[in-house]
Amino acid sequence: MKKYAPYVILFLFAAMLWNLFDWSGDMTVNLDGDQIDGPVGFLLATLFTGGGMLLAVFISVITVAVLAVVFAGVGVILIGSLAIGALVLALAMSPLLLPLVLVVALVWYAMRRPRPVTLDKAAAA
0 MKKYAPYVIL
10 FLFAAMLWNL
20 FDWSGDMTVN
30 LDGDQIDGPV
40 GFLLATLFTG
50 GGMLLAVFIS
60 VITVAVLAVV
70 FAGVGVILIG
80 SLAIGALVLA
90 LAMSPLLLPL
100 VLVVALVWYA
110 MRRPRPVTLD
120 KAAAA
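Using numbering that gives the first Met the number 0, read the sequence shown as starting at 0 and increasing by one per residue.
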């Protein structure tokens, strides 16, 4: 495919140039009732098309930036509301989880007590 790529690109460029010079007389521009055709009509049509495309790209970029800011704000509000909801749920369930919390606290207290050090471990250290 790498061998044929330059030939394909050259063929497409030649076809584009042939279309440009052979069929460009078909384009017309209508300005205030005056019909402009021929090479000048082709140039005006190309100019207006390019300007329209640049305007469309600019409008799309601005729209994307505005939507990104809006959706980021909505995301922050959504995450904040989820955090508040989780806090309210945890506060509502805390009396029901009191027996479990007591068991966890006893296990934690038992595990944090210092263990007696034997002489073998002290000598190894």
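Positions of the beta carbon are idealized from the N, C-alpha and C atoms, including for glycine.
Practice problem: Label residue 72 either buried or exposed according to how many other C-beta atoms from any shown protein chain fall within 10 Å of its C-beta, with 16 as the threshold for buried. | Solution: Under a 10 Å Cβ-count criterion, residue 72 is classified as exposed, with fewer than 16 other Cβ atoms of the shown protein chains found around its own Cβ.
Self-check item: Separation of residue 88 from residue 80, as counted between CA atoms
Solution: Rounded to whole angstroms, residue 80 to residue 88 spans 12 Å at the Cα level.
Quiz item: In three-state terms, what does DSSP make of residue 21?
Solution: helix
Practice problem: List the endpoints of the continuous alpha helix (DSSP H) containing residue 95. | Solution: Unbroken run through residue 95: none, as it is neither H nor E.
Quiz prompt | In DSSP terms, what residue 28 is bridged to | solution = 35
Quiz item: For the candidate residues 52, 26, 59, whose alpha-carbon lies nearest to that of residue 42?
Solution: 26
Quiz item: Within 10 angstroms of its Cβ, does residue 40 collect 16 or more other Cβ (buried), or is it exposed?
Solution: buried
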